[in-house]
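When we follow the working numbering, the leftmost residue of the sequence shown carries the number 11, and every step to the right adds one.
Ideal Cβ positions, reconstructed from N, Cα and C, are used throughout, including at glycine.
This report concerns only the one structure given below.
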Amino acid sequence: MADVLRSLNLLETLKESIEKNNISDIKDAMEDMLISRLNIAIAGDRNPEKATFINSLRGLSQEDEGAANSPSSAAPAELAVFPNPIHPDFRLWDLPSISSDPTFKAEDYIERFKVMRYNTIIITFTESPSVNSVAVWREVRSLQKETVYFVLLASVKDTEKTLEVKKAKSLEVLKAEGVPLPKVFLVQPTALEKLDFPTFFEVMRGDLPEIRAHALLLALPTFSNSLVTQKKDAFKALVWAAASLSGGVSAIPVPLVASMVDATVGVRILTKAQISLCLDDESLQRLARQRGLDPARLKALRTCALSVEVSKSEVKRRLAEAEKDTSTATTRLVELAMPRHARSVSRSFTVMLQALNTAIDDMGADAEKVVTMVTGGGQ
């Protein structure tokens, strides 16, 4: 329901822009959705679990180029940055360990590593949070930043029972340190679809500003069918904005301008969708390595041409088909849903909406097949 409400809020904003003929506002909204920076800091001991967590958030395995290593290649007192290989605006920052020294001062740590500049701060541990890590959490919260969290990373030797004990102990530590309504998210670094990460992801999205939450959604690897659905909804909101621009351009009496713009914008959106849904060759190869699968099996699941390659010719073909298939009755329904000012250009709007939404559904179906094979069942 939260995702539906987010989409509705966005669509209402866009409709108001159309009503006021503010085409530039729609363009700005679309750019914000396509390009939005997100910086996440991960503080905690530099161990194999933390390195694996950083890699999994970027869809990488230990063997991939640019992967975080354990021991870390960074000096103990230096931070390290790990950009996402296919989403360059999504960066993870590996902050140095939080000292256990009794003289440790949280405000000095926060100032030295510029903790407040990050969109989200994740404090990790493998046993229980230290007193000093709680001090960092408390200091960050005192500076009016809500997006700071405790994450317990599961290790290879952990069992369901030991994880239950560790989580209970961690909550007791936080209570003893005076943390109100303490929360600890239990995460399996090698498989984000398991344990508490799906819940943690939803909490982060709810706490972040809408455009940052959108960036997080699109940049994370697709680890569940639920996430595929959320990404599809996000791209359909983006398509709505693009179709609105298409209608505005179509009102300009210049032959072929609208179709050229539609195809170019369509390629840009669907390329972003292909990468976000982890359907491109590089993403599938990395996923196969991470899960010990044959990449050819994952690639063979793609039945939509756009899942394999987003080409302008295929986008143009789909736009042409939508143009032929769009009925007068469908156009009339869209006219009724559009602001009065925009009804004269509703046919172009309908064509682009139908063509790109159908493409996103087809690509989403391929992504669901990949997720099912990788996880052994839909999540």
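For residue i, which residues of its own chain have a beta-carbon under 7 Å away from its beta-carbon, when the five flanking residues on both sides are left out?
i    : result
D376 : L289, L311, R312, T313, C314, S317
E324 : A315, L316
V277 : V320, K322, V325
Can you tell me whether residue i is buried or exposed? The criterion is at least 16 other CB atoms within 10 Å of its CB, across all chains shown.
i    : result
K334 : exposed
S293 : buried
V125 : buried
E149 : buried
K176 : buried
V384 : buried
S174 : For the sequence presented, residue 174 should be read as Glu rather than Ser. The residue is exposed, with fewer than 16 neighbouring Cβ atoms inside 10 Å.
Q154 : exposed
K379 : buried
R122 : exposed
S166 : According to the sequence provided, residue 166 is Val. The question's Ser does not apply to it. By the neighbour-count rule (16 or more Cβ atoms within 10 Å), V166 is not buried but exposed.
T62  : buried
S66  : buried
P98  : exposed
S358 : buried
L280 : buried
K241 : buried
P106 : buried
G386 : exposed
S140 : buried
L184 : buried
L102 : buried
A223 : buried
V191 : Checking the sequence, you will find Leu at residue 191 rather than Val. Burial call: exposed.
A283 : buried
A178 : exposed
A87  : exposed
Following the continuous alpha helix (DSSP H) through residue i, name the residue where it begins and the one where it ends.
i    : result
F210 : 207-217
F233 : Run containing F233: none; DSSP gives neither H nor E here.
L48  : Where L48 is concerned, there is no enclosing alpha helix (DSSP H), although the beta strand (DSSP E) it sits in stretches over 48-53.
D335 : 322-335
A84  : It is not in any alpha helix (DSSP H) - A84 carries neither H nor E in the DSSP assignment.
N142 : 141-152
K124 : First-last for K124: undefined, no H or E at that position.
V293 : Checking the sequence shown, residue 293 turns out to be Ser, not Val. Looking at the DSSP string, the run of the alpha helix (DSSP H) that includes S293 is 291-301.
R307 : 305-309
A78  : Counting along the chain, A78 falls outside any alpha helix (DSSP H), and DSSP gives it neither H nor E.
N65  : 58-67
S1   : Limits of the chain in this structure are 11 at one end and 389 at the other, which puts residue 1 out of reach.
L228 : 220-229
Any beta carbon from chain D within less than 8 Å of residue i's own beta carbon?
i   : result
S66 : Judged by its chain identifiers, the structure shown contains no chain D, having just a single protein chain.
Is the beta carbon of residue j closer than 8 Å to that of residue i?
i    : j    : result
R296 : G69  : yes
N129 : N49  : yes
R215 : L228 : no
L230 : A164 : no
A365 : A332 : yes
F92  : D111 : no
M373 : A252 : no
F100 : A225 : yes
R299 : D74  : yes
N57  : T136 : yes
V320 : L287 : no
S180 : S138 : yes
A90  : A84  : yes
E59  : P199 : yes
I221 : S46  : yes
I96  : V249 : no
V144 : A53  : no
Within its chain, find whatever has a CB closer than 6 Å to the CB of residue i; leave out the 5 residues flanking it on each side and keep chain order.
i    : result
V161 : I132, T134, F195, V197
V189 : none
L202 : S66, F233
A116 : A145, V146, E149
Give me, in chain order, the residues of the same chain whose beta-carbon lies closer than 8 Å to that of residue i; leave out the 5 immediate sequence neighbours on both sides.
i    : result
T274 : K322
T157 : N129, T130, I131, M214, D217, L218
T368 : R328, A332
Y159 : T130, I131, I132, I133, K193, F195, F210, V213, M214
R151 : V158
Assuming residue i is part of the beta strand (DSSP E), what are its boundary residues?
i    : result
T130 : 130-135
(request) May I have a chain-ordered list of the alpha helix (DSSP H) segments no shorter than 4 residues that lie completely inside the segment 86-122? (result) Those alpha helix (DSSP H) runs which fall completely within the segment 86-122 and span 4+ residues are 116-122.
(request) For the segment 155-204, list the alpha helix (DSSP H) runs that are entirely contained and at least 4 residues long, ordered along the chain. (result) Counting whole runs of 4 or more residues, the segment 155-204 contains the alpha helix (DSSP H) stretches 170-186.
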